[in-house]
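Residue numbers (the numbering used here): 456 to 995.
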């Protein structure tokens, strides 16, 4: 029997749909019938909503979990409504606290979720329930919050109702004498953002954000920080006064955000529901753009004054002109660009499908694919790094499923070299001031590839046996910052010239670092380097 004939999307809707069976509560058989129907509803709901059973899978429904597992879903929901819904939303979409759905809980094992419920989370409003719930209760709650949700909705009204903006008042600026271009943000996974002075590596402030994802964005005036989370919340932070000044929940599961060149519009790409949301700088809803595909990400093109959107399951790029009523131009591609990188000069996009065997180069000027590179191993293009050598633009790409670094010449559209690494890493970084490409390897090793020889020149081990990842440079490239991605991790700071360790700061799972200049104006130093190289060439 198709599940849609039995269900209305929730246990309550299920009872409403079949409630006509109960007639008059004064009938002698009413009480017995009510009990029977209650058991029936729980039975069907337990089967259909069990994470281990898929309805309409062609194999029929199984009483796999009878009798305990079938009732667990409803028992877990009852406890959820009593203890969790006021903060996490009745449908688990998230309110003051994060969404509790498989998409946002994916980083956690069930044992970890149980531990969070029992012990709470420090530096958050998540309390401990160890004195309220038994181990069996916690197990049922974990089972319930990991059940997938279908037909997710988060309406315009929901968005506006979630908007919180601090009352505007003249607060004195507390940040003075600081080089804003050298401010660096340290993101602790699922927790907080530390605002650090990159000139002396002193912490200026730390603010909680939750499950941050996609990297925070600086406004182009370097006045504000916008921090997005997986569960759809965007936090606005004022660098001048070192305080949070607003938040809004734009969806249930968010991919990333982009900021227009004039800082007036903020666009968010959502997985759940499938849409793009455009806000103004005060978090007023400006536009909703519904989509049918799964969004890969949204990005701002400052030269063109447009947003560009890629998809994970549709072979298209969408160019959204926010100066022309959000008119959309759709460009067909050979295959979906699940992962993309936009060159610092905003003249090309490199894109690839995760299951594909090519990296494509799309030209903004020509509005078409102008070249491709054969590749394997799922290139992680979002972490690609760029540099100028002899007037030409190069990029280096790590691979998620192959221990190789690929160097591409983007001027001549050719593969320069593939370099074998210690492991399949995630992130690649370089700077015009360093002769090396710094690569993480998903091990305890950071490998340095010489740009001139295209060979591994150095291998750094910040902490023996502990995962080292994600490199960022200070504004001038003098120092390199490396994460030790452990619960009791660290930020290790190297002199990028002599490779000596300068400082080590404790952090809990420091997932990313973002320097204001490098993050916001990636093409500035490349343009300066190109001018210098061309001038030197003419002199010679």
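Beta carbons are placed, not taken as given, at the ideal position from N, Cα and C, and that holds for glycine.
Does the segment 865-872 come close enough to the segment 953-963 that 3 or more CB-CB pairs lie under 8 Å? Taking one beta carbon from each stretch, the segment 953-963 and the segment 865-872 have fewer than 3 pairs nearer than 8 Å; the two do not touch.
Might you give, ordered along the chain, the residues of its own chain that have their beta carbon closer than 7 Å to the beta carbon of residue 944, omitting 5 neighbours on each side? Cβ contact annotation for residue 944 (same chain, cutoff 7 Å, sequence separation greater than five): 938, 962, 963, 964 and 965, in chain order.
Start-to-end residues for the alpha helix (DSSP H) that takes in residue 996: As shown, the chain starts at 456 and ends at 995. That puts residue 996 outside it, with no answer to give.
Residue span of the beta strand (DSSP E) that contains residue 914, given as start and end: Note, residue 914: beta strand (DSSP E), 911-915.
Close beta carbons around residue 766, own chain, < 7 Å, minus the five adjacent residues each side: So the qualifying residues of the chain are 748, 749, 750, 751 and 791.
Taking the C-alpha atoms as reference points, what is the distance between residue 724 and residue 668? Straight-line Cα distance between these residues: approximately 12 Å.
Beta-bridge partners of residue 609, as assigned by DSSP: The partner list for residue 609 (beta bridge, DSSP) is empty, contrary to what the question assumes.
Just to confirm before moving on: does the CB-CB distance between residue 876 and residue 858 stay below 7 Å? Between residue 876 and residue 858, the gap from beta carbon to beta carbon is short of 7 Å.
For residue 570 versus residue 583, is the C-beta spacing smaller than 7 Å? It is not a contact, given that the beta carbons lie outside the stated cut-off.
Quick one: grab the DSSP three-state call for residue 765. DSSP, read as helix, strand or coil, puts residue 765 in strand.
What number of angstroms, rounded off, separates the C-alpha of residue 508 from the C-alpha of residue 621? Low confidence applies to residue 508: its pLDDT is 37, below 50, so where it sits in the model is not reliable, and the reading given next is rough at best. A direct Cα-Cα distance of roughly 46 Å separates residue 508 from residue 621.
Would you mind working out which of 594, 715, 557 and 558 sits nearest residue 566, comparing C-alpha positions? Taking only the C-alpha atoms, the option nearest residue 566 is 594.
Using 8 Å as the Cβ pair cut-off and three pairs as the minimum, do the segment 603-611 and the segment 548-558 touch? Yes: at least three Cβ pairs fall under 8 Å.
Quick check for students: name the residue ranges of the alpha helix (DSSP H) that lie wholly in the segment 920-979, counting only runs of 4 or more. 971-975, all fully within the segment 920-979.
Pull up the distance between the alpha-carbon of residue 537 and that of residue 617, whole angstroms please. When rounded, the distance between both Cα atoms is 22 Å.
Nearest to residue 764 (by Cα), restricted to the options 783, 778 and 779: Minimum Cα distance to residue 764 is reached at 783.
Could you name each continuous beta strand (DSSP E) segment of 3 residues or more that falls completely within the segment 664-691, going from the start of the chain to the end? Within the segment 664-691, complete beta strand (DSSP E) segments of at least 3 residues are found at 679-683, given in chain order.
CA-CA distance, residue 639 and residue 531? Roughly 42 Å separates the two Cα atoms.
Euclidean distance between Cα positions of residue 707 and residue 644: Rounded to whole angstroms, residue 707 to residue 644 spans 19 Å at the Cα level.
Excluding the 5 residues preceding and the 5 following residue 446 in the sequence, name in chain order all residues of the same chain whose CB lies nearer than 8 Å to its CB. In this structure the chain extends from 456 to 995, so residue 446 is not present and cannot be described.
Could you check if residue 979 is buried or exposed, using at least 16 other CB atoms within 10 Å of its CB as the buried criterion? With fewer than 16 Cβ atoms within 10 Å of its Cβ, residue 979 is classed as exposed.
Return the residue from the list 904, 909 and 908 that minimises the CA-CA distance to residue 915. Measuring from the Cα of residue 915, the nearest candidate turns out to be 904.
Who pairs with residue 574 in a beta bridge, going by DSSP? Looking at the DSSP assignment, residue 574 forms no beta bridge with any residue, so it has no partner.
Given a cut-off of 7 Å on the beta-carbon distance, is the pair residue 733 and residue 614 in contact? One thing to note: residue 733 has its Cβ no nearer than 7 Å to the Cβ of residue 614.
Roughly how far, in whole angstroms, is the beta-carbon of residue 895 from the beta-carbon of residue 880, given that I think they are within contact range, below 8 Å? With a Cβ gap of about 4 Å, residue 895 and residue 880 count as contacting.
Please confirm whether residue 984 and residue 887 have their CB atoms less than 7 Å apart. Yes, the Cβ-Cβ distance between residue 984 and residue 887 is below 7 Å.
According to DSSP, residues forming a beta bridge with residue 601: Looking at the DSSP assignment, residue 601 forms no beta bridge with any residue, so it has no partner.
May I ask you to list the residues that DSSP assigns as paired with residue 714? Residue 714 pairs with 721.
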